[in-house]
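Q: Quick one: structure below, then a few questions.
Residue numbers (full-length UniProt numbering): 1 to 207.
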């Protein structure tokens, strides 16, 4: 009979996420993780496998709490064009409330792990495809309801939004300035009919 866990798994995963997110994969040792998670190294291996397996578990948790949570909140409860605008608006807000400039774990992983880890590259590619799919569904739905120009190439627009999102996340780590971040996404959002008036955007956010 398996022994019950002697620690809070959710709290331990959150602690591991904080370590990886702040320091990166390579710079985080198993000892660092065990200390942060409040477990022994043996317990860590028994519960989660090796460091690489734990990282993938943490990464999936991050994606579910971040991207997938936004999809659940925005895609099915907002008009499609508003869902895209709200997605970017929240990303900028997160960047402005990130004093340690940890950035996005998806982008961080793309830069550090994906280039030389084939298995993780597949995991990351699937997540990026899911994000692109969200944008494509929203653009297509907006074209059907008339809120997004019908002459835009749906799939290409989704790719442009994905590229803008990834670039925004990188830029936010270097220069987390609201005017800069909003200005960076304003042209691509204008293509789908989102207001490009900075004063109007600030009014909407404070309402």
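Where a beta carbon is used, it is the ideal one built from N, C-alpha and C, also for glycine.
1. Touch check for the stretch 154-167 and the stretch 60-78: three-plus C-beta pairs under 8 Å?
2. Using 10 angstroms around the beta-carbon of residue 157, count the other beta-carbons present and answer buried if the total reaches 16, otherwise exposed.
3. Give the range of the alpha helix (DSSP H) segment to which residue 51 is assigned.
4. Tell me whether residue 27 sits in a helix, a strand or coil according to DSSP, three-state version.
5. Using three-state DSSP, classify residue 153 as helix, strand or coil.
6. Can you tell which of 22, 19, 37 has the C-alpha that lies nearest to the C-alpha of residue 7?
7. What residue does the alpha helix (DSSP H) around residue 141 start on, and which one ends it?
8. Using 10 angstroms around the beta-carbon of residue 108, count the other beta-carbons present and answer buried if the total reaches 16, otherwise exposed.
9. Please return the same chain residues whose Cβ sits closer than 8 Å to the Cβ of residue 78, not counting the five positions on each side in sequence.
10. Please classify residue 162: does DSSP put it in a helix, a strand, or coil?
11. Just to check my reading of the structure: residue 105 and residue 62 have Cβ atoms closer than 8 Å, yes? What is that Cβ distance to the nearest angstrom?
A: Here's the rundown:
1. With a cut-off of 8 Å, the stretch 60-78 and the stretch 154-167 do not count as touching, because too few Cβ pairs lie within range.
2. By the beta-carbon neighbour count (other beta carbons within 10 angstroms, threshold 16), residue 157 is buried.
3. Segment 51-63, the alpha helix (DSSP H) holding residue 51.
4. Coil, per DSSP.
5. Residue 153 carries a coil assignment under DSSP once its states are collapsed to helix, strand and coil.
6. Minimum Cα-Cα distance from residue 7 among the listed residues 22, 19, 37 corresponds to 37.
7. Per DSSP, residue 141 belongs to the alpha helix (DSSP H) from 118-145.
8. It counts as buried.
9. Closer than 8 Å at the Cβ level, and outside the excluded window around residue 78, lie 86.
10. Residue 162 falls in the helix class under three-state DSSP.
11. So it is a contact: roughly 5 Å between Cβ atoms.
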